[in-house]
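Going letter by letter, the sequence shown gives residues 571 to 903 in the numbering used here.
Note that CB positions come from ideal geometry on N, CA and C, so glycine has one too.
Every value quoted in this text rests on a predicted model; they were computed, and no experiment measured them.
Structure first, then comments.
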Amino acid sequence: MKPQILSLEGVSQIYASRGSKGWRREYVHAVDGVDLDIREGETLAIVGESGSGKSTLAKMLLMLNNPTKGNVTYRGTRLKSLGAVERSQYRRQVQAVFQDPASSLNPRMTVEQTLSHVANRHNIVAKADLGRFLKEQLAAVGLNPPEQYLGRYPHQLSGGQQQRIAIARAIMLKPKIIIADEPLSSLDVSVQAQILQLLSELRKTTNVGFVIISHDLGAMQSIADRTAVMYKGRVVEIGRAIYQSPVHPYTRLLLDARLLPNPRGNRIRSPVPKQVTPTALSASTGGCRFLQRCPYAIEVCAAVDPQLQTMDGEATQVACHRAKELSAALTPA
Ligand SMILES: Nc1ncnc2c1ncn2[C@@H]1O[C@H](COP(=O)(O)OP(=O)(O)OP(=O)(O)O)[C@@H](O)[C@H]1O
Ligand code: SF4
Ligand SMILES: [Mg+2]
Numbered sequence: 571m572k573p574q575i576l577s578l579e580g581v582s583q584i585y586a587s588r589g590s591k592g593w594r595r596e597y598v599h600a601v602d603g604v605d606l607d608i609r610e611g612e613t614l615a616i617v618g619e620s621g622s623g624k625s626t627l628a629k630m631l632l633m634l635n636n637p638t639k640g641n642v643t644y645r646g647t648r649l650k651s652l653g654a655v656e657r658s659q660y661r662r663q664v665q666a667v668f669q670d671p672a673s674s675l676n677p678r679m680t681v682e683q684t685l686s687h688v689a690n691r692h693n694i695v696a697k698a699d700l701g702r703f704l705k706e707q708l709a710a711v712g713l714n715p716p717e718q719y720l721g722r723y724p725h726q727l728s729g730g731q732q733q734r735i736a737i738a739r740a741i742m743l744k745p746k747i748i749i750a751d752e753p754l755s756s757l758d759v760s761v762q763a764q765i766l767q768l769l770s771e772l773r774k775t776t777n778v779g780f781v782i783i784s785h786d787l788g789a790m791q792s793i794a795d796r797t798a799v800m801y802k803g804r805v806v807e808i809g810r811a812i813y814q815s816p817v818h819p820y821t822r823l824l825l826d827a828r829l830l831p832n833p834r835g836n837r838i839r840s841p842v843p844k845q846v847t848p849t850a851l852s853a854s855t856g857g858c859r860f861l862q863r864c865p866y867a868i869e870v871c872a873a874v875d876p877q878l879q880t881m882d883g884e885a886t887q888v889a890c891h892r893a894k895e896l897s898a899a900l901t902p903a
């Protein structure tokens, strides 16, 4: 097994905002006690419906937010203990690709200026070799012939081409890991497939690791080594086989929802289960946070918050009191 590169230990992010009545502060537990290990060179997908805390998790990995509780560790060192020089090294090794490439590129800079700026700031190539280097970077992200693109401004590029530039800008620093928050969702469907293909090639050719947040379960199934499913700030299931043999009732709903037409666009919304037990309906707080929607709820679910547990002989972890029964029901007799 490859070594861990990033790990989260009991990480929480609580946002405070002014409440609807104006004077009372309200607190949102956007991420709530997440433990997660990310290994070198792996592609980890993070899926879950809107508001489940995916982007908040990404921001903590990118040091854009500090966790309210818990620690993010990079190769054994806590991010909060990094000095200025180590922070800047971390920011080079952990790169970001965002949803909307147009807003992540400076509209007043040509492709050449954008990429040269990064290359010069990090001193990654001698001045005499810069021209050749930039052409190689553009070719590596499928922009051929590269000369055609160097002089263009972002508005002279398609969305897919802009995203390729954003990826080139990240990959040219030879990062260890790229955190990509919905890198496909602003693109046309046909372009999404091309960008997915590019990411897939880059992971083979550069051995860079990815954390990819996406609502597109089909795309993630094709690219991810492991997938973490988030629900209300928690990871409720993580593993390699969540698409073929989902265990957590929420993962099952997500996968069922994939088959439903979604007229409201690109956010995952799960259907309400048909069968809800009386136990679930009389829910108290403090138990499983999926209780109200769960067709499998039993008494203990209302009282005890389920923690992630490793399933027998599988590289899967599930936070559900009935995980073993549900998993056994999946296994053919
Ligand atoms: N700056 C903020 N201040 C207050 N609440 C916030 C802030 N940012 C996010 N939240 C809240 O935290 C929760 C998690 O938000 P987050 O953006 O991480 O979700 P997400 O899973 O990325 O959703 P989406 O799929 O819609 O992008 C939501 O309830 C959101 O409203
Ligand atoms: S712990 Fe109970 S309520 Fe929560 S997902 Fe499992 S069966 Fe459903
Ligand atoms: Mg988000």
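Beta-carbon separation (whole angstroms), residue i vs residue j, contact threshold 8 Å
| i | j | result |
| --- | --- | --- |
| residue 738 | residue 685 | 7 Å |
| residue 730 | residue 761 | 4 Å |
| residue 664 | residue 746 | 7 Å |
| residue 751 | residue 669 | 6 Å |
Segment limits, beta strand (DSSP E) that includes residue i
| i | result |
| --- | --- |
| residue 603 | 595 to 609 |
| residue 588 | 574 to 588 |
| residue 631 | It is not in any beta strand (DSSP E) - residue 631 instead sits in the alpha helix (DSSP H) that spans 624 to 631. |
| residue 750 | 747 to 751 |
| residue 727 | No beta strand (DSSP E) contains residue 727, which DSSP labels as neither H nor E. |
| residue 781 | 779 to 783 |
| residue 944 | Since the first residue of the chain shown is 571 and the last is 903, residue 944 is not available in this structure. |
| residue 642 | 639 to 644 |
Test item: CB-CB of residue i and residue j under 8 Å
| i | j | result |
| --- | --- | --- |
| residue 574 | residue 607 | yes |
| residue 877 | residue 893 | no |
| residue 825 | residue 816 | yes |
| residue 631 | residue 781 | yes |
| residue 694 | residue 772 | no |
| residue 800 | residue 611 | no |
| residue 581 | residue 642 | yes |
| residue 583 | residue 671 | no |
| residue 586 | residue 597 | yes |
| residue 635 | residue 626 | yes |
Three-state class that DSSP yields for residue i in the structure shown
| i | result |
| --- | --- |
| residue 701 | helix |
| residue 689 | helix |
| residue 796 | strand |
| residue 826 | helix |
| residue 863 | helix |
| residue 801 | strand |
| residue 811 | coil |
| residue 897 | helix |
| residue 892 | coil |
| residue 664 | strand |
| residue 744 | coil |
| residue 615 | strand |
Span of the alpha helix (DSSP H) around residue i
| i | result |
| --- | --- |
| residue 764 | 759 to 776 |
| residue 870 | 869 to 873 |
Report all residues for which the CB-ligand distance to some heavy atom of ligand 1 is below 5 Å; order them along the chain. Per the Cβ criterion, the list is 585, 587, 598, 600, 620, 621, 622, 623, 624, 625, 626.
Chain-ordered list of residues that sit, by beta carbon, closer than 5 Å to a heavy atom of ligand 2: 819, 858, 860, 861, 864, 866, 867, 871, 876, 890, 891, 892
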